[in-house]
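Anchor point for the sequence shown: position 411 equals 411 in UniProt numbering, and the numbering is continuous, going up by one each time.
C-beta atoms are modelled at their ideal positions from N, C-alpha and C, and glycine is treated no differently.
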Amino acid sequence: MSKAEVTAGIRLPSEYAVVAFESFTLQRVYQLEMGLTRHPEEKPVRRDKREELGEVLETAMHSLNAPSSPKDSRGAAEKSQSSKVYAPSDFIEGITRTEKDKGTLYELTFRGESSNEFRRLVLFRPFGPLMKVKNERVDTSDVPINIVVPLSRRTDKFKQFMQNFREVCVRQDGRVHLTVVYFGREQMSEVRSTLENTSREVNFKNYTLLQLDEEFSRGRGLDVGARAWTGGNVLLFFCDVDIYFTADFLNSCRLNTQPGKKVFYPVLFSQYNPTLIYGSLEHIPTVEQQLVIKKDTGFWRDFGFGMTCQYRSDFINIGGFDIDIKGWGGEDVHLYRKYVHSNLLVVRAPSRGLFHLWHEKHCADELPPDQYRMCMQSKAMNEASHGQLGMLFFRQEIEAHLRKQKQQHNSSPKKT
Numbered sequence: 001m002s003k004a005e006v007t008a009g010i011r012l013p014s015e016y017a018v019v020a021f022e023s024f025t026l027q028r029v030y031q032l033e034m035g036l037t038r039h040p041e042e043k044p045v046r047r048d049k050r051e052e053l054g055e056v057l058e059t060a061m062h063s064l065n066a067p068s069s070p071k072d073s074r075g076a077a078e079k080s081q082s083s084k085v086y087a088p089s090d091f092i093e094g095i096t097r098t099e100k101d102k103g104t105l106y107e108l109t110f111r112g113e114s115s116n117e118f119r120r121l122v123l124f125r126p127f128g129p130l131m132k133v134k135n136e137r138v139d140t141s142d143v144p145i146n147i148v149v150p151l152s153r154r155t156d157k158f159k160q161f162m163q164n165f166r167e168v169c170v171r172q173d174g175r176v177h178l179t180v181v182y183f184g185r186e187q188m189s190e191v192r193s194t195l196e197n198t199s200r201e202v203n204f205k206n207y208t209l210l211q212l213d214e215e216f217s218r219g220r221g222l223d224v225g226a227r228a229w230t231g232g233n234v235l236l237f238f239c240d241v242d243i244y245f246t247a248d249f250l251n252s253c254r255l256n257t258q259p260g261k262k263v264f265y266p267v268l269f270s271q272y273n274p275t276l277i278y279g280s281l282e283h284i285p286t287v288e289q290q291l292v293i294k295k296d297t298g299f300w301r302d303f304g305f306g307m308t309c310q311y312r313s314d315f316i317n318i319g320g321f322d323i324d325i326k327g328w329g330g331e332d333v334h335l336y337r338k339y340v341h342s343n344l345l346v347v348r349a350p351s352r353g354l355f356h357l358w359h360e361k362h363c364a365d366e367l368p369p370d371q372y373r374m375c376m377q378s379k380a381m382n383e384a385s386h387g388q389l390g391m392l393f394f395r396q397e398i399e400a401h402l403r404k405q406k407q408q409h410n411s412s413p414k415k416t
């Protein structure tokens, strides 16, 4: 167990060497490796998988409710003060991954005795009986999150982002600071007005608006936003304006990070084109109703590293973003690789509360042929699933078949 990434990270040769976690609840498993028959979210079909997770949950429940060992005076004191008996309904979420030459790691999170308190159990199966690694109380009541959003124009998207921000960050969570880094002057007044309206309507004062008179650079914006904070070591969430997240995700952000030890790189669920999913503009439901994790609604964006939770001290110590990278893209992988090459533990897991909202992707005509082809491939991947694109490709053939069927039906003799 001492050689496994359980209590500390190890130096890895590249981002491809990171072993991602799966996440799970009482009813569902959220996974990256789907193949042709698996789904991004599913009930465990295989009996061994069901029994494995059942045993883990049972062991965790037994550990939570069992009398503390006399040797553990702190644990005994906590147990005597706590009258809570933990039930399966207290289980929120777990993450698990297997290092094939060492064993399987499980981290389970339960609701504690208050809304801001949690119990986390870490279990490890070294290809043998489970071993309890840790049973700790995690208090997140004093863990604010500074959400840093780089922005250039896109004011309509920002208004949509702020609608979700109001509900999740202000009304539900209440422990969030928002830092918006705006590039340029065009539409700056609209962004300021949106923030001021939010501040006035829901009594939210914890925001900072920074303005840079320079060409847009995502890495530069996030770097400036992170370094602008002066209130001590804070948990940062680097976010884009077309991201939708839930209050549960904010708790995951807090629970999967630890200064000097852990950074969180969630895998978000990327939405397909709603017009293709639902058939027409008239049938598209509200944004909240669209956020369903299914094979035909989107995919785990496991090649993206832009959304991340990490403490400001870790971000500064690792060297921050490469601000020489201009525009959009590349800076996130560069930062991710820094952490992979460090001794910090990189928690990489699909997040059921983090979504990338679909928006049209434009491939410029002036791009070189190879870049244009790559851009179009990326656009196709974001448009629809393999099956849906296939149905579009064969649409004329399908329509011809339906017309033929209708003609045959109309020409067949009527029964009297």
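Cβ atoms of residue 308 and residue 265: under 7 Å apart, would you say? Yes, they are a contact pair.
How would you label residue 73, buried or exposed, when you count the other beta carbons within 10 angstroms and need 16 or more for buried? Confidence is the limiting factor: at residue 73 the pLDDT is only 48, short of 50, which leaves the residue's position unreliable, though a coordinate-based value still follows. Here residue 73 is exposed, its C-beta having fewer than 16 other C-beta atoms within 10 Å.
Cβ of residue 240 within 7 Å of Cβ of residue 359? Going by C-beta atoms, residue 240 is not nearer than 7 Å to residue 359.
N-terminal and C-terminal residue of the alpha helix (DSSP H) that residue 277 is part of: 274 to 278 is the extent of the alpha helix (DSSP H) around residue 277.
Opposing strand residues paired with residue 349 [DSSP bridges]: Residue 349 is bridged by DSSP to 266.
On the CB-based measure, 16 or more other CB atoms within 10 Å of its CB, does residue 145 come out buried or exposed? So residue 145 counts as buried.
Assuming residue 11 and residue 317 form a contact by the criterion Cβ under 8 Å, report the distance between their Cβ atoms to the nearest whole angstrom. Approximately 16 Å separates the beta-carbon atoms of residue 11 and residue 317; this is outside 8 Å, ruling out the contact.
Between the CA atoms of residue 53 and residue 364 - distance to the nearest angstrom: Cα to Cα, the separation comes out at about 48 Å.
Distance between residue 128 and residue 103 (C-alpha atoms, nearest Å): Distance from the CA of residue 103 to the CA of residue 128, rounded to the nearest whole angstrom, comes to 8 Å.
State the DSSP-derived secondary structure class of residue 393, mapped to helix, strand or coil. Here residue 393 sits in helix by DSSP.
Which of the three DSSP states is assigned to residue 73 in this structure? Here residue 73 scores only 48 on pLDDT, less than 50, and its place in the model should not be relied on; the value that follows carries that caveat. It is helical.
Would residue 107 pass as a contact of residue 95 if the rule is Cβ separation under 7 Å? Between residue 107 and residue 95, the C-beta gap is smaller than 7 Å, which places the two residues in contact.
Go ahead and pull the three-state DSSP assignment for residue 401. Helix, per DSSP.
Any chance the stretch 214 to 226 sits against the stretch 281 to 291, with 3 or more Cβ pairs inside 8 Å? When C-beta atoms of the stretch 214 to 226 are compared with those of the stretch 281 to 291, fewer than three pairs fall below 8 Å, so the two segments do not count as touching.
Between the beta-carbon of residue 368 and the beta-carbon of residue 23, is there less than 7 Å? Cβ atoms of residue 368 and residue 23: not closer than 7 Å.
Please report the distance separating the alpha-carbon of residue 18 from that of residue 8. So the two alpha carbons sit approximately 14 Å from each other.
May I ask you to verify whether the stretch 251 to 264 touches the stretch 295 to 311, counting CB pairs closer than 8 Å and requiring at least 3? In short, these stretches touch, since the Cβ pair count reaches three.
Measuring alpha carbon to alpha carbon, tell me which residue in 361, 346, 192, 371 is nearest residue 20. Per the Cα distances, 346.
Select from 385, 384, 362 the residue whose C-alpha is nearest the C-alpha of residue 374. Measuring from the Cα of residue 374, the nearest candidate turns out to be 362.
Using CA atoms only, rank isn't needed, just tell me which of 6, 209, 31 is closest to residue 301. Measuring from the Cα of residue 301, the nearest candidate turns out to be 31.
Distance CB(residue 299)-CB(residue 270) smaller than 7 Å: Yes; because the gap between Cβ atoms is below 7 Å, this pair is in contact.
Would you be able to state if there are at least three C-beta pairs under 8 Å between the stretch 127 to 142 and the stretch 162 to 173? Fewer than three beta-carbon pairs drawn from the stretch 162 to 173 and the stretch 127 to 142 are found closer than 8 Å, and the two stretches are therefore not classed as touching.
Look up residue 68 in the DSSP assignment and give the residues it is bridged to. Bridge partners of residue 68: none, in fact.
Assigned exposure category for residue 172 - 16 Cβ within 10 Å defines buried: Burial call: exposed.
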